[in-house]
Amino acid sequence: MSDEGIVLDGAKVFWRTLLPRLKAERWILGLSVVLAVLAGFAGIHVLAILPFWIVLVAAVLNRSAPVAQPVPEAAPATVEKSMDPLIPVLNALDMPVIVVAADETVLFQNLAAEKAFGTIPKDTYLSARVRSPGILDMVRETIATGKINQIEHTERLPSDAIYVVRVAPADTGDEGPAQRVFLLTYRDISQARRIDRMRSDFVANASHELRTPLASLRGFIETLQGPARNDPKAQEKFFAIMHEQATRMSRLVDDLLSLSRLELKSHIAPDDTVDLVPLLGHVRDSLAPLARELDVTIALDVPDAPVFVQGDRDELVEVFENLIENACKYGQEGKRVDVRLTGGEGHQAEVTVKDHGPGIPAEHVPRITERFYRVNVEASRSKKGTGLGLAIVKHILTRHRARLLIHSEVGKGTIFTVRF
């Protein structure tokens, strides 16, 4: 409390207690008035007995005044002193914790809160750093009522994170509302939510995509059990188709599981160092048999010096295998796929994969990274595509904090650019 506030409160208390005191000592005050009148008749000036009168009134007030109470210390200093033993405990928690005073200022944040939300200077108003109206309203309600509250809150930056935010009053051992503190805690439930979403997406996508091959298998099995029971040529043909459909389902399940694993850890950036020069050479060599089968040449252009990026080697191999394999399959008419790596030595790393095929119509380009989205369903299935390749690429690059740029013109081919 400020000095001005203390003075005002003291004046209020003084005037509230003055009248009862004067009433209790009315006979002394009456005597002093009589003395003043007699002094006037005797020719003694009133000012001559004024000191006597002041002493008398002061004696009356001092006799009836209560013993003065010491002014309590300021709340923040008392609270901080009480919190000192708790600071190591709060810093040991992996859950972000912010300690808020009754005036909505931040008294302390633990190390987990600093890591998640950045440093909040002491005595900063919570509303200056927490922008969520829901959290601020919840904190104010708890400060006013003393009741525990919690809400679910989503942070969008630096990556999507879902928290259960809880605020509760804490007893510091000091009395009075000014000494109360409130603990604002953030419990991360992002992984649980991702698992739930992954499970529901997997069921929906798998049931949709597996319906066609399962129907085909069922039809062929019924045919083999009936009209083709004794037809060796029909059996040989149907078994080959059934094997193809079963292989397609296996690829689909593998891609769905891969996509689900990537979504589960999309918010965790990899911290390994990978040289893209030998990695792209490995991808080209692994796809060489497919390129020969499709009569496509993979031309690789890489710098002599290493080009390092932060990433997961296996996931980056999957990215470039998907992009180059798609270029070979869907750009087969152009007979050539150009893969070029630039960057290194302090410059931004960039990989371009260019085919010389029919290209992609402009209206399809924004959506081709969606799961199961196909420009041409029959062409995709004939080339044994699952519709998940570019979705997997997108999720891996998101985890690597990289961008996928797509430029295509009908009749001139398509260029996929990975920019780290």
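All the letters of the sequence shown, read from the start, carry residue numbers 7 to 426 under our numbering. C-beta: ideal position from N, C-alpha, C; glycine also.
Member of the options whose CA lies at the smallest distance from the CA of residue i
i: ASP361; options: ASP310, ARG203, ARG172 and THR420; result: THR420
i: ALA397; options: LEU329, ILE126 and VAL103; result: LEU329
i: LEU216; options: SER256, PRO238 and ASP194; result: SER256
i: ARG346; options: ALA212, VAL283, GLY317 and ASP278; result: VAL283
i: GLU369; options: VAL416, GLN354, ASP291 and PRO238; result: VAL416
i: ILE412; options: VAL371, VAL399 and PHE244; result: VAL371
i: ASP261; options: THR160, VAL399 and PRO309; result: VAL399
i: HIS159; options: LYS128, PHE188, ILE195 and ARG186; result: ILE195
i: THR303; options: LEU322, GLU321, ALA176 and ALA333; result: ALA333
i: ARG137; options: GLN115, GLU161 and PRO127; result: GLU161
i: TYR188; options: ASP100, GLN197, ILE104 and ASP237; result: The question names Tyr, but residue 188 is Phe in the sequence shown. Comparing Cα positions, the closest option is ILE104.
i: ASP177; options: VAL323, GLY352, LEU92 and GLU351; result: LEU92
i: PRO309; options: GLU351, ILE274 and VAL323; result: GLU351
i: ILE274; options: LYS418, ASP90 and ASP166; result: ASP166
Opening and closing residue of the beta strand (DSSP E) in which residue i lies
i: TYR192; result: 187–194
i: GLU376; result: Premise fails: GLU376 is in no beta strand (DSSP E) and is neither H nor E.
i: PRO175; result: 167–176
i: LYS360; result: 353–361
i: VAL145; result: It is not in any beta strand (DSSP E) - VAL145 instead sits in the alpha helix (DSSP H) that spans 139–151.
i: PRO348; result: A quick correction: the sequence has Thr, not Pro, at residue 348. Per DSSP, THR348 belongs to the beta strand (DSSP E) from 342–350.
i: ASN97; result: Not the beta strand (DSSP E): ASN97 falls in the alpha helix (DSSP H), residues 93–98.
i: ARG425; result: 419–425
i: GLU158; result: 155–161
i: VAL103; result: 103–107
i: VAL136; result: Here VAL136 belongs to no beta strand (DSSP E), and DSSP marks it neither H nor E.
i: THR315; result: The amino acid at residue 315 is misidentified as Thr; the sequence shows Val. Where VAL315 is concerned, the enclosing beta strand (DSSP E) stretches over 314–316.
Residues of its chain near residue i, where Cβ-Cβ distance is below 6 Å and the 5 sequence neighbours each way are ignored
i: PHE378; result: GLY393
i: ALA74; result: The pLDDT assigned to ALA74 is 43, lower than 50, so where the model puts this residue is not dependable; a value taken from the coordinates is nonetheless given after this. Contacts found: none.
i: GLU327; result: VAL289
i: GLU356; result: THR348, GLY349 and ARG425
i: VAL145; result: VAL173
i: PRO82; result: Low per-residue confidence applies at PRO82: pLDDT is 47, beneath 50, and the placement is therefore not dependable enough to give any value.
i: VAL13; result: Per-residue confidence for VAL13 stands at a pLDDT of 45, beneath the threshold of 50, marking its modelled position as unreliable; the derived number appears in the next sentence. Closer than 6 Å at the Cβ level, and outside the excluded window around VAL13, lies no residue.
i: PRO364; result: none
i: PRO72; result: With a pLDDT of only 46 at PRO72, under the threshold of 50, the placement of this residue in the model should not be trusted; the figure read from the coordinates follows. Closer than 6 Å at Cβ, skipping near neighbours: no residue.
i: ASP100; result: ALA118
i: GLY232; result: none
Residue i vs residue j beta-carbon contact at 8 Å
i: SER272; j: ARG405; result: yes
i: THR151; j: ARG172; result: no
i: LEU113; j: ASN97; result: no
i: ILE366; j: VAL381; result: yes
i: VAL433; j: ASP281; result: Only positions 7 to 426 of the chain appear in this structure, which leaves residue 433 out of reach.
i: THR358; j: LEU410; result: no
i: ILE168; j: ARG205; result: no
i: ILE436; j: ALA108; result: As displayed, the chain neither begins before 7 nor continues past 426, which places residue 436 out of reach and without an answer.
i: THR511; j: THR125; result: Shown here, the chain extends from 7 to 426; a query on residue 511 therefore has no answer.
i: GLY317; j: ASP291; result: no
i: VAL325; j: LEU230; result: no
i: ARG254; j: PRO276; result: no
i: ARG193; j: VAL170; result: yes
i: PRO139; j: ALA122; result: no
Bounding residues of the alpha helix (DSSP H) (the contiguous stretch that carries residue i)
i: SER414; result: Run containing SER414: none in the alpha helix (DSSP H); it sits in the beta strand (DSSP E), 409–415.
i: LEU322; result: 319–336
i: ALA234; result: First-last for ALA234: undefined, no H or E at that position.
i: ASP307; result: Taken as a continuous stretch (DSSP letters only), ASP307 belongs to no alpha helix (DSSP H), being part of the beta strand (DSSP E) at 303–307.
i: THR404; result: 395–405
i: TRP117; result: The sequence shown places Leu at residue 117, rather than the Trp named in the question. Residues 117–123.
i: ASP291; result: 282–292
Spatial neighbours of residue i in its chain, beta-carbon cut-off 7 Å, leaving aside the 5 residues before and after
i: GLU299; result: none
i: ALA427; result: The structure shown has nothing for residue 427, since the chain only spans 7 to 426.
i: GLY16; result: Any reading at GLY16 is ruled out, since the residue's pLDDT is 49, under 50, leaving its predicted position unreliable.
i: VAL315; result: VAL280, LEU282, ALA355 and PHE426
i: GLU321; result: ILE402
Spatial neighbours of residue i in its chain, beta-carbon cut-off 8 Å, leaving aside the 5 residues before and after
i: GLU331; result: LEU293, LEU296 and GLY395
i: SER222; result: ILE247, MET248 and GLN251
i: ALA234; result: ALA240, GLN241 and PHE244
i: ASP301; result: GLN338 and LYS341
i: ILE201; result: LEU270
i: HIS214; result: PHE378
i: GLU147; result: LYS153 and ASN155
beta-carbon residue i near the ligand PLP non-hydrogen atom, thresh 7 Å
i: ALA98; result: For the structure depicted, the ligand PLP is absent and the ligand set is empty, with no information on it obtainable.
Cβ separation of residue i and residue j, assumed to be a contact under 8 Å, to the nearest whole Å
i: ILE154; j: ALA174; result: 4 Å
i: LEU263; j: HIS401; result: Actually they do not touch by this definition, with Cβ atoms about 13 Å apart.
i: GLY287; j: LEU268; result: Not confirmed; about 24 Å, so no contact.
i: LEU142; j: VAL106; result: Going by Cβ atoms, the distance from LEU142 to VAL106 rounds to 11 Å, so no, they are not a contact pair.
Chain B within 8 Å of residue i, Cβ atoms only
i: LEU132; result: The structure shown contains no chain B; it is built from a single protein chain.
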